[in-house]
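Presented below is the structure to which this report refers.
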Amino acid sequence: MHPEIKDDFHVNSSRKSYLKTILDKEILYSKYRSDIAIIDNISMTNMYDLPFETILVIDQENHSQMLGYSILPNKSKDSFEKFFNDFVEFGGKTFRIVIVDRNEAQYNSITEIFPQSYIVFWLLEYDQSSIF
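Mapping the sequence shown onto our numbering, position 73 (from 1) lands on 80, and the numbers just tick up by one.
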């Protein structure tokens, strides 16, 4: 049994099993928010033992900013699609370039929800603590 997940920002009431947050509307509506996004799912390393999906962008001062995140119930295409569709519903725009790892379900949902975006794969795994 997972602890209860609460969200202070946005909750999609039809999908209560998801935590959906767009952190800062100033970031969401800024000029750089649709240029390059790093989208990653950090697997099962949280207290819920569930995938943690993040969207990061680089701001005008070359700092990474977390644009949104979600705790997903699993790594299925459906879970990723629900997250990206909620992101769009909250006002998120298509990214020019999306950097992702090689998760096939994540990749397929990104190409479906953001068909105009160029997809770039990580060549090497990175130290996730360096981003956060």
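C-beta atoms are modelled at their ideal positions from N, C-alpha and C, and glycine is treated no differently.
Cα-Cα separation between residue 106 and residue 59, rounded to whole angstroms: Taking the sequence shown and counting its residues from 1, one reaches residue 106 at position 99. Taking the sequence shown and counting its residues from 1, one reaches residue 59 at position 52. Straight-line measurement puts the Cα of residue 59 at about 16 angstroms from the Cα of residue 106.
Backbone CA spacing between residue 96 and residue 109 [nearest angstrom]: Against the sequence shown, residue 96 aligns to sequence position 89. Against the sequence shown, residue 109 aligns to sequence position 102. Residue 96 and residue 109 have their alpha carbons spaced roughly 26 angstroms apart.
Cα-Cα separation, residue 79 to residue 112: Within the sequence shown, residue 79 is the residue found at index 72, counting from 1. Within the sequence shown, residue 112 is the residue found at index 105, counting from 1. Distance between the alpha carbons of residue 79 and residue 112 is about 13 angstroms.
Residue 120 - DSSP class collapsed to helix/strand/coil: What you label residue 120 is simply residue 113 of the sequence shown in a count that begins at 1. Taken through DSSP and simplified to helix, strand or coil, residue 120 comes out as helix.
Beta strand (DSSP E) segments (min. 3 residues) lying fully within the segment 47-101: Taking only runs of at least 3 residues, the beta strand (DSSP E) segments lying wholly in the segment 47-101 are 59-65 and 71-78.
With 16 other Cβ atoms within 10 Å as the buried cut-off, status of residue 46: The count along the sequence shown starts at 1 and reaches residue 46 at position 39. Residue burial is scored here from C-beta neighbours: residue 46 has at least 16 other C-beta atoms within 10 angstroms and is therefore classed as buried.
Which of helix, strand or coil DSSP assigns to residue 125: For the purposes of this step, residue 125 is identified with residue 118 of the sequence shown, where counting begins at 1. Three-state DSSP puts residue 125 in a strand.
Close beta carbons around residue 122, own chain, < 7 angstroms, minus the five adjacent residues each side: Within the sequence shown, the letter at position 115 stands for residue 122. Cβ contact annotation for residue 122 (same chain, cutoff 7 angstroms, sequence separation greater than five): none.
Per-residue burial, residue 116 [other beta carbons within 10 Å of its own, 16 or more giving buried]: Taking the first residue of the sequence shown as 1, we reach residue 116 at position 109. Buried, by the Cβ-count rule.
Cut-off 6 angstroms between Cβ atoms - residues of its own chain near residue 50, not counting five sequence neighbours on either side: Residue mapping note: residue 50 aligns to position 43 of the sequence shown, counting from 1. Hits under 6 angstroms: 58.
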